[in-house]
Structure formats: C-alpha cells, structure tokens
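Read through the structure below, which is laid out as structure tokens, and then see the notes.
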Amino acid sequence: MTLMHDTERPDDEAQHSPSAPAGGHASDVREAIVHALTDRMFSGPVLAGSKLPSERQLAEELGVSRSQVREAIQSLGLLGVVEIRHGDGTYLRESGGDLLPRVIEWGLFLGERRLVELVEARQHIEISLTGLAARRATEHDVAAMRALLAKMESSAGDVAAFVDLDVQFHRAIALAARNSALGDMLSNITSLLRVWMRRSLRAAGETDSSHGEHAAIVEAIASGDRRGAESAMRQHMRRAERRLRRTLGDAPSSLHATQLPDDPLDI
C-alpha cells in the first residue's frame, strides 16, 4: 500500500510526491492518497462506524507525510465517507450500505444529494475565482491559460488527457485569483468529481464545445472584464452540468441544473 519511497521520516510535514503525475501538484498527491485510503477502507472487513488508524499510522503505512494524510481525510470528510471527531479520531460514517461509496475510481457513487452538493459548490467557487482572476491576473497568468488552451485543442481526441489539462486550466484560474482558501476548496472538490468529468466528456463524444467555453473565459479574464468572465464561467458550469446529467442515465430526476444567481457573491 506504500505510495512512495523516501528517506525522510513519514511524519515529516514537508510535502512529498507519492506516485504523483509529472508536475507533482499537491492536489494530485492528495488524490493518490484518497484512492489508497478508500481502497484500504472498502477492500477489507471494515464496517461503517469503525475507527480508522491514526494519522501517524496511516502516514507510515502509505509512506507519506501526516499533513498529506490529514488533507486526504478532510477530502473524504467533504465527500461524506468519514466523520472527523476532533480529539477522538476518524470514523466511517454509518450511512446505509447502498450509499457508502466504493473506491473513487469506480465513479464516485456518492448518492444523489452529495453529488448535487459538490457540483453546486464547485459552480459557485469557480465563478467567484474567475471574477477575482479578471481583476488580478497578470500577463504571465493569461499566457499560462492560453498555453493550456492550445494543449487542450491538440489533445481533443484523448478525453483523459483533455480532462487532466482541464483540471490544470481551472487551477491556473485559481492561482490567478490569488485566493488560496477558495483555491484549496476547489482543489478538494475537483479531486472528488474528476471521474465524473471524464465520464461526462466521454459520453458527450466531443470536447470542442468545452474547449470553446474555456476560450471565452480566457478572453474575458485577459480583458479584465469581471462580469463577462463570471458570465462565461457560469455558462461553462451550466453546460458542464448538463453533460454530467446526461451521463447519469437512470439517476434520480431531481439531479437538475442548479439555479445560479446572476450576480454571485462579490468578494
């Protein structure tokens, strides 16, 4: 189950890179740990209500730092898989077996309400970050976004590669917004929805429309048009959600497009 080999102590708070993709982003490391933890929790006789090993024990077992384990557990808490009781430990939630998700790579079997909540949270955070990016982005930030757009266009036939670049694109907007709190929340949510993003684009059968939506966002950010950037991101989020809903097939009909406000919170 070890994710890495490192000469440093496993409880070292320094950032390691366990089996992370090239680039070593913290969110990629966290996603790898979430995968390992969920696999551990659901591949053995671990029942709902069971207490998980301590952060130190998990860090030693997985070969990562305690801070990385803590971030992964927080992501699982956001997903609703675990309950974090401060001063006591972390427990698997007691929530009917049919709602308890299997491993992340199976497609985030979240249950209808949890998926809706995550999608809704992502929409509002993305719009706020895009508005901030329109006000704060530098020429270097915009150049980075355009470079990712070019790569997305060239990878249009490879959905997995396109989604990886899509995640990097939205991360670039978050960095340009210069609000680490919102950026961290978005990173957590994206790591949980990534499988659905890939499935929805694959089901759509093309990536051109998504690429065009991203291009409109970049142009608005580049021109410093905050409201235009927010509007472009709002349209992108709505269309992305429609693509997602089409992939759910027989999912409950109450998973409907979230009604977003015309003017999101002004930070």
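Numbering-wise, the sequence shown is residues 165 to 431 according to the working numbering. Just so you know, even glycine gets a beta-carbon here, dropped at the ideal spot from N, CA and C.
Check                                                                                                                                                                           : Outcome
Per DSSP, Ile-248 is paired with what?                                                                                                                                          : Thr-254
Look at the alpha carbon of Ser-201 and the alpha carbon of Ile-289, and state the distance between them as a whole number of angstroms.                                        : Sequence check: residue 201 is Leu here, not Ser. Rounded to whole angstroms, Leu-201 to Ile-289 spans 26 angstroms at the Cα level.
What does DSSP give as the partner residue(s) for Lys-215 in the beta ladder?                                                                                                   : Tyr-255
Report the rounded CA-to-CA distance for Gln-221 versus Ser-214, giving the unit in angstroms.                                                                                  : 16 angstroms
Determine the DSSP secondary structure at Thr-302, reduced to helix, strand or coil.                                                                                            : coil
Just to confirm my understanding: we take Ile-248, look at its own chain, exclude 5 residues before and 5 after, and list those with CB closer than 7 angstroms. What are they? : Ile-237, Gly-241 and Thr-254
Is Asn-343 helix, strand or coil by DSSP?                                                                                                                                       : coil
How about the segment 371-387 and the segment 305-312: do they share at least three Cβ pairs that are nearer than 8 angstroms?                                                  : yes
I want to know whether the segment 367-378 touches the segment 349-357 - three or more CB-CB distances under 8 angstroms.                                                       : no
Do you know whose CA, among Leu-408, Ser-319, Ala-396 and Met-401, lies nearest Ala-367's CA?                                                                                   : Leu-408
Going by the beta-carbon positions, is the gap between Val-246 and Leu-293 smaller than 9 angstroms?                                                                            : no
DSSP state of Ala-285, grouped into three classes?                                                                                                                              : helix
Using the beta-carbon count (16 or more within 10 Å), is Pro-182 buried or exposed?                                                                                             : Confidence is the limiting factor: at Pro-182 the pLDDT is only 44, short of 50, which leaves the residue's position unreliable, though a coordinate-based value still follows. Counting Cβ neighbours within 10 Å, Pro-182 comes out buried, since at least 16 surround it.
Distance, Cα to Cα, Ala-186 vs Asp-328?                                                                                                                                         : At Ala-186, the pLDDT of 38 sits below 50, so the modelled position is not reliable; the number obtained from the coordinates is stated separately. About 11 angstroms.
Under 9 angstroms, do Met-129 and Arg-286 count as touching if we go by C-beta distance?                                                                                        : Residue 129 lies beyond the residue range present for the chain, which begins at 165 and ends at 431; the question has no answer from this structure.
Report the residue from Val-331, Asp-305 and His-304 whose alpha carbon sits nearest the alpha carbon of Met-316.                                                               : Val-331
Would Ala-345 be called buried (16 or more neighbouring beta carbons within 10 Å of its own) or exposed?                                                                        : exposed
Among Ser-239, Phe-333, Gly-295 and Glu-219, which has the Cα closest to the Cα of Asp-252?                                                                                     : Glu-219
Our contact map puts Leu-339 next to Asp-389 with C-beta atoms below 8 angstroms; I'd like the distance itself, whole angstroms only.                                           : With 8 angstroms as the limit, Leu-339 and Asp-389 do not qualify as a contact, their Cβ atoms being about 19 angstroms apart.
Nearest-angstrom Cα distance between Val-228 and Ala-196?                                                                                                                       : 11 angstroms
Between the Cα of Arg-342 and the Cα atoms of Ala-301, Ile-385, Ser-387 and Gln-232, which residue gives the shortest distance?                                                 : Ala-301
If you draw a straight line from the alpha carbon of Ala-396 to that of Gly-321, how long is it in whole angstroms?                                                             : 24 angstroms
Judging by CA-CA distance, which residue of Arg-406, Gln-232, Glu-405 and Glu-394 is the nearest neighbour of Gly-295?                                                          : Glu-394
Go ahead and label Gly-369 buried or exposed: buried means 16 or more other beta carbons lie within 10 angstroms of its beta carbon, across all protein chains shown.           : exposed
Just the C-alpha distance for Phe-326 and Ser-319, rounded to the nearest angstrom, thanks.                                                                                     : 6 angstroms
Quick one: using the 10 Å Cβ neighbour count with 16 as the cut-off for buried, is Glu-151 buried or exposed?                                                                   : What is shown of the chain runs 165 to 431, which leaves residue 151 out entirely.
Taking the alpha-carbon positions, what's the Ala-223 to Ser-239 distance?                                                                                                      : 16 angstroms
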